[in-house]
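If you read the sequence shown in full-length UniProt numbering, its first letter stands for residue 1, the second for the next number, and so on. Just below is one structure, and these are the notes that go with it.
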Amino acid sequence: MVRLDNILPNKLSGKALGSVFLNRIGLYKRKNISYILVVKNSNKATRRQLMSRHDLTIAEWNAIRNYLPKKRSGKRGRPWVDHRKTINGIIWVLNAGAPWRDIPDCYGKWQTIYKRFRTWCQSGLWDRIWDRLIRRLQRNKQIDPSIWCVDGSIVRAHHSAVGGSCKTSRRAVENGLGRSRGGYSSKLHIVCDGQGIPLGITVTAGQINEPTQFIDLMDSIPLKLQSKANRPRYLAGDKAYVARYIFEWLEERAIGNVIPNRKNENKNPNFCRERYRQRNVVERLIGQLKHFRRIATRYDKTLESYLAMIKIAFLRITLRTIK
């Protein structure tokens with residue numbers, strides 16, 4: 001007889017899986033290698049999920065594990081909780097949009113997970129992982145250089161995002177919070193390649209115009225755009241990006257613009273409608289990004305934490321896209 005109380009997710013071996021059929025125990029397999037054990041009692045069924053559908057898959061974990069800090073060695077200090085278990089707890093918050101205190105016990109103490117998240121935010125770990133991943137994709141020629149697309153999107157801010165260091169309007173703008181037609185909000189400025197792989201992101205207050213952030217958005221890309229090999233052949237954007245300095249910036253770098261003119265301006269003879277239709281990839285990317293509830297509604301007070309959540313979502317989207 002197998003006692004399920006002694007079977008933990010990280011200790012479940014092949015022998016245990018082979019013996020769980022004893023005593024009317026069923027084994028079911030889900031997507032992303034998720035296993036659920038169902039114990040059929042006389043009056044109820046008790047389920048223990050060994051892997052959540054939001055947890056890192058083996059391929060995703062192998063892609064980022066080498067970029068994480070090494071575990072403490074020696075006798076000094078308390079040993080760290082397993083990195084993968086902690087990151088899965090962070091991803092649970094990212095997907096559910098729930099408070100940190102509501103993290104399930106299977107991921108460990110919520111204080112440990114939150115403290116690790118904030119420590120890595122302040123050290124810039126998420127930015128380094130993201131930068132290295134994009135550079136690796138560029139070396140492997142997995143980034144589409146034919147066309148890049150830019151766009152912006154408003155995100156409503158929850159009332160819990162107000163407070164802390166954002167008591168004044170100046171501090172709020174510094175943390176990417178402000179008032180627009182939709183109320184208290186933030187605006188996401190995103191650039192991606194032709195496949196929908198995110199390349200850069202900036203977050204501003206909701207009332208900030210998109211063209212004013214174009215240069216900062218392009219500077220947020222980890223690749224060095226001074227090199228011709230790292231630049232796209234075309235860049236597509238909507239009418240919000242009609243600005244002289246944007247056209248000059250693109251012309252200096254020999255990047256063709258796929259930006260339609262406004263109604264009161266002369267038509268651009270070089271504008272290609274077929275290329276402009278490819279701009280839907282950035283709109284689809286924004287839709288994917290807002291599937292993560294912690295991003296669709298902003299709960300984080302600081303811009304640092306909110307950007308870290310976006311970078312983690314970008315990592316998941318990118319690893320799924322290139323797979």
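All C-beta atoms, glycine included, are put in the ideal place defined by N, C-alpha and C.
DSSP beta-bridge partners of residue i
{"i": "A157", "result": "R298"}
{"i": "C192", "result": "C149, P198"}
{"i": "K187", "result": "I154, T204"}
{"i": "A236", "result": "C149, V258"}
{"i": "S180", "result": "G183"}
Proximity below 8 Å, CB of residue i to CB of residue j
{"i": "Y241", "j": "E210", "result": "yes"}
{"i": "I129", "j": "L137", "result": "no"}
{"i": "W126", "j": "C192", "result": "no"}
{"i": "G176", "j": "Y67", "result": "no"}
{"i": "A96", "j": "K301", "result": "no"}
{"i": "V150", "j": "L289", "result": "no"}
{"i": "E60", "j": "L319", "result": "yes"}
{"i": "P260", "j": "F247", "result": "no"}
{"i": "A313", "j": "F292", "result": "yes"}
Member of the options whose CA lies at the smallest distance from the CA of residue i
{"i": "I113", "options": "G124, D127, L94", "result": "L94"}
{"i": "V282", "options": "H54, T297, L199, N230", "result": "L199"}
{"i": "R262", "options": "F271, R181, E274, K239", "result": "K239"}
{"i": "E274", "options": "T86, P104, S146, K85", "result": "S146"}
{"i": "I134", "options": "I197, Y107, V150", "result": "I197"}
{"i": "S181", "options": "Q195, I190, G206, A157", "result": "Sequence inspection shows Arg at residue 181; the Ser mentioned does not correspond to that position. Among Q195, I190, G206, A157, the Cα nearest to that of R181 is on G206."}
{"i": "K70", "options": "G194, W120, G89, R294", "result": "W120"}
{"i": "R294", "options": "I90, D151, K85, K224", "result": "I90"}
{"i": "G194", "options": "S185, R233, T57, D219", "result": "R233"}
{"i": "I58", "options": "Q111, R76, R78, R84", "result": "R84"}
{"i": "I255", "options": "Q226, P269, I208", "result": "Q226"}
Residue i versus residue j - alpha carbon distance
{"i": "T321", "j": "W249", "result": "30 Å"}
{"i": "R179", "j": "R101", "result": "29 Å"}
{"i": "A45", "j": "V258", "result": "Low local confidence applies: a pLDDT of 34 at A45 is under 50, so the model's placement there is unreliable, and no value is given."}
{"i": "Q122", "j": "R231", "result": "30 Å"}
{"i": "Y28", "j": "E252", "result": "Note that Y28 scores 37 on pLDDT, short of 50, meaning its location in the model is unreliable and no value can be drawn from it."}
{"i": "W92", "j": "I221", "result": "27 Å"}
{"i": "R139", "j": "R132", "result": "11 Å"}
{"i": "Y276", "j": "S153", "result": "18 Å"}
{"i": "R316", "j": "W110", "result": "22 Å"}
{"i": "C106", "j": "H54", "result": "13 Å"}
{"i": "N62", "j": "I215", "result": "34 Å"}
Rounded Cβ spacing between residue i and residue j (contact assumed at less than 8 Å)
{"i": "V173", "j": "L188", "result": "Contact flag wrong, Cβ pair sits at about 15 Å."}
{"i": "I286", "j": "I201", "result": "That belief does not hold up - the Cβ atoms of I286 and I201 are roughly 11 Å apart, past 8 Å."}
{"i": "A296", "j": "V155", "result": "7 Å"}
{"i": "A157", "j": "R298", "result": "4 Å"}
{"i": "I87", "j": "L56", "result": "6 Å"}
Any chain D beta carbon closer than 8 Å to residue i
{"i": "Q288", "result": "Given the protein chain composition of this structure (a single chain), no chain D is represented."}
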